[in-house]
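FYI, the numbering for the sequence shown is 1 to 192, going by my numbering. The beta carbon of each residue, even a glycine, is placed where N, CA and C say it ideally should be. Since the structure comes first, as structure tokens, the remarks are kept for the end.
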Amino acid sequence: MPSMKKPPLKKHPLEIIAGGAPKTSPDEPNPGVNVCYATALRKATRRVSQLYDAALAPCGLRSTQRSILRHINDAGEVAMGDLADMLVLDRSALNHNLKPLERDGLIQVRVAPKDKRSRRVRLTPEGREKLAASQPLWQAAQRRFGTIMPANQTAALTAILAEISSPEFAQIFIASPEVNPASPALSKKADR
Numbered sequence: 001m002p003s004m005k006k007p008p009l010k011k012h013p014l015e016i017i018a019g020g021a022p023k024t025s026p027d028e029p030n031p032g033v034n035v036c037y038a039t040a041l042r043k044a045t046r047r048v049s050q051l052y053d054a055a056l057a058p059c060g061l062r063s064t065q066r067s068i069l070r071h072i073n074d075a076g077e078v079a080m081g082d083l084a085d086m087l088v089l090d091r092s093a094l095n096h097n098l099k100p101l102e103r104d105g106l107i108q109v110r111v112a113p114k115d116k117r118s119r120r121v122r123l124t125p126e127g128r129e130k131l132a133a134s135q136p137l138w139q140a141a142q143r144r145f146g147t148i149m150p151a152n153q154t155a156a157l158t159a160i161l162a163e164i165s166s167p168e169f170a171q172i173f174i175a176s177p178e179v180n181p182a183s184p185a186l187s188k189k190a191d192r
């Protein structure tokens, strides 16, 4: 069996994600300040999504769809608002993502029995089967990711991304003296 030695990266992962080395000088108080963090994260997200979408293609799911199915599966049955919070999505984006899953019979959306204004989502048996079918493909993608990036970096990346996607991070960002929370939508999202 051939060795699973990790190929050396030609560039540091941050250089690849950001599109080049951070432009800093010794005089800058915050090294890397010329790198747009939002752009770097979006580029990384798009790249990883493309790779995972290709890996999941044999089962007919995209990475976003699999993530939604997994969150619903883990919750059992979940209110739409709670699912939106779990996925850090606004409700209109969540609805947009749920429509094909509902159309394909993978989820069921129903009115909550105690609050007719609220809707709840759950997996159908077909949704559970599709999620199970995607599992080995997802695991293979995870292993491939791990062969490229060392375990200590993937652990650090996971921790950093969890912190960035937390409501606390958004609250601190909005409360920062450099940020003017002019958008009520931004403040509302931070409260989730």
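Boundaries for Arg62: no alpha helix (DSSP H) harbours it, and the DSSP string shows neither H nor E there. Collapsing the DSSP output to three states places Val35 in coil.
Beta-bridge annotation (DSSP): Ile107 is paired with Leu123. Non-local beta-carbon contacts of Pro100 in its own chain, meaning distances under 8 angstroms to residues more than five positions away in sequence, involve Gln65 in chain order.
Taking C-beta separations shorter than 7 angstroms and ignoring five residues to either side along the sequence, the partners of Leu94 in its chain run Met80, Leu83, Ala84, Leu87, following chain order. The C-alpha of Leu41 is placed about 14 angstroms away from the C-alpha of Asn34. Linking Arg143 to Thr154 through their CA atoms gives a straight-line distance of about 11 angstroms. Distance from the Cα of Leu56 is smallest, within the candidate group Asn73, Ile160, Ala141, Met149, for Ala141. Contact annotation: Tyr52 and Ser63 have beta-carbon atoms nearer than 7 angstroms. Contact holds between the stretch 123-131 and the stretch 98-113, because three or more Cβ pairs, one in each stretch, are under 8 angstroms apart.
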